[in-house]
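Below is one structure; the comments refer to it alone.
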Amino acid sequence: MFFCEKTDPNLPATCPTLNENGPRINCSQGEYGYELFEIGQIGYRSYKLDLNSELLSGQHCIRFYYYLSDNKSNGTINVIIEDNQSNQNQTILTIYSPIQNKWHSIRTNFYIDNQNPTIYFLFQKQSSLDSLPFYMAIDDITIIDLECEPIITTTTTITTTEHIISTITSIILSSITNILSTKTSTTLTILTTNKTISSSTTSTTLTILTTNKTISSST
0 MFFCEKTDPN LPATCPTLNE NGPRINCSQG EYGYELFEIG QIGYRSYKLD LNSELLSGQH
60 CIRFYYYLSD NKSNGTINVI IEDNQSNQNQ TILTIYSPIQ NKWHSIRTNF YIDNQNPTIY
120 FLFQKQSSLD SLPFYMAIDD ITIIDLECEP IITTTTTITT TEHIISTITS IILSSITNIL
180 STKTSTTLTI LTTNKTISSS TTSTTLTILT TNKTISSST
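Each residue of the sequence shown is one higher than the one before, counting from 0 in my numbering.
Given below as structure tokens:
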């Protein structure tokens with residue numbers, strides 16, 4: 000998902016689809032939360048997710064979009080779960096700077112032994128030779144009490160008299176995929192966007208860390 004660009008006030012905003020110079024489609028404007036590290040600045044900043052609904056013990060899935068402005072600034076985003084009963088914490092996800100200048104989606108499963116843990120997002124910047132300010136951003140954070148959707152893989156095999164050609168295509172389901180389950184599901188959407196995650200059961204929504212920036216969505 001690339002950034003929305005509005006070059007003409009009389010025309011809708013558009014964004015690339017396949018790559019930065021590829022075909023463009025209309026996109027919607029929205030908000031996201033971000034951290035800025037100035038040139039040469041190092042350190043970390045953490046944000047606690049203010050959940051307004053209980054997070055029960057058991058299996059869960061967290062998914063969101065993230066953006067790191069370059070791959071030379073030695074920056075990471077960590078997702079940390081702190082058990083408030085045992086006073087133990089675990090880092091369930093660490094994100095490093097990607098190559099492409101775009102929004103990336105990510106998801107991971109995690110298990111909690113005791114209900115109502117504290118969840119932190121930790122933005123960290125270490126020493127580097129970068130010569131530009133460094134931005135980290137997150138958007139459209141969702142937690143559900145189910146395992147993450149599996150990656151759908153299809154395999155096509157073509158047989159000839161000489162050799163076999165196999166191709167594999169992987170499709171990662173985006174956060175607009177409908178979640179259908181008979182289990183109780185709690186959906187927490189953080190940093191208001193125009194994406195919707197639906198559930199056949201009750202859901203709870205909260206919003207934090209909004210800014211007046213523009214994001215893109217190819218959905």
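We put the CB at the ideal spot given by N, CA and C, even for glycine.
Quick caveat: nothing in here was measured; it's all calculated off a predicted structure.
Beta carbon of residue i nearer than 8 angstroms to that of residue j
i	j	result
isoleucine 80	isoleucine 105	no
serine 96	asparagine 77	no
asparagine 73	serine 127	yes
isoleucine 94	threonine 107	no
isoleucine 38	proline 116	no
Close-in-space but distant-in-sequence residues of the same chain around residue i (CB under 6 angstroms, 5 per side omitted)
i	result
glutamine 123	Tyr43, Thr75
threonine 201	Residue confidence for threonine 201 is low, a pLDDT of 34 falling below 50, so the modelled location carries little weight; the figure read from the coordinates is stated next. Counting only Cβ-Cβ distances below 6 angstroms, and skipping sequence neighbours, we find nothing.
asparagine 113	Ser56, Asp82, Gln84
tyrosine 119	Ser45, Lys47, Ile79
glutamine 89	Ile80
leucine 10	none
asparagine 100	none
phenylalanine 36	Lys124, Phe133
Continuous beta strand (DSSP E) stretch holding residue i: start and end
i	result
asparagine 77	74 to 82
cysteine 147	Cysteine 147 -> no beta strand (DSSP E), and no H or E assigned at all.
glutamine 87	87 to 95
asparagine 108	103 to 111
isoleucine 98	Neither: isoleucine 98 is in no beta strand (DSSP E) and is coded neither H nor E.
glutamine 114	Per DSSP, glutamine 114 belongs to no beta strand (DSSP E) and is neither H nor E.
Cut-off 8 angstroms between Cβ atoms - residues of its own chain near residue i, not counting five sequence neighbours on either side
i	result
isoleucine 98	Asn70
glutamate 34	Arg44, Phe122, Tyr134, Met135, Ala136
glutamine 87	Glu81
serine 68	Asn100, Leu131, Pro132, Phe133, Tyr134, Met135
Residue(s) in a DSSP beta bridge with residue i
i	result
asparagine 9	BP columns for asparagine 9 are empty, so no partner.
glutamate 34	Met135
glycine 42	Lys124
leucine 67	Met135
Own chain residues within Cβ distance below 7 angstroms of residue i, not counting five before or after
i	result
threonine 160	Only weak support is given to the placement of threonine 160: the predicted model assigns it a pLDDT of 37, under 50, and the question is left unresolved by the model.
glutamine 125	Ile41, Asn73
proline 149	none
phenylalanine 109	His59, Ile61, Ile80, Ile91
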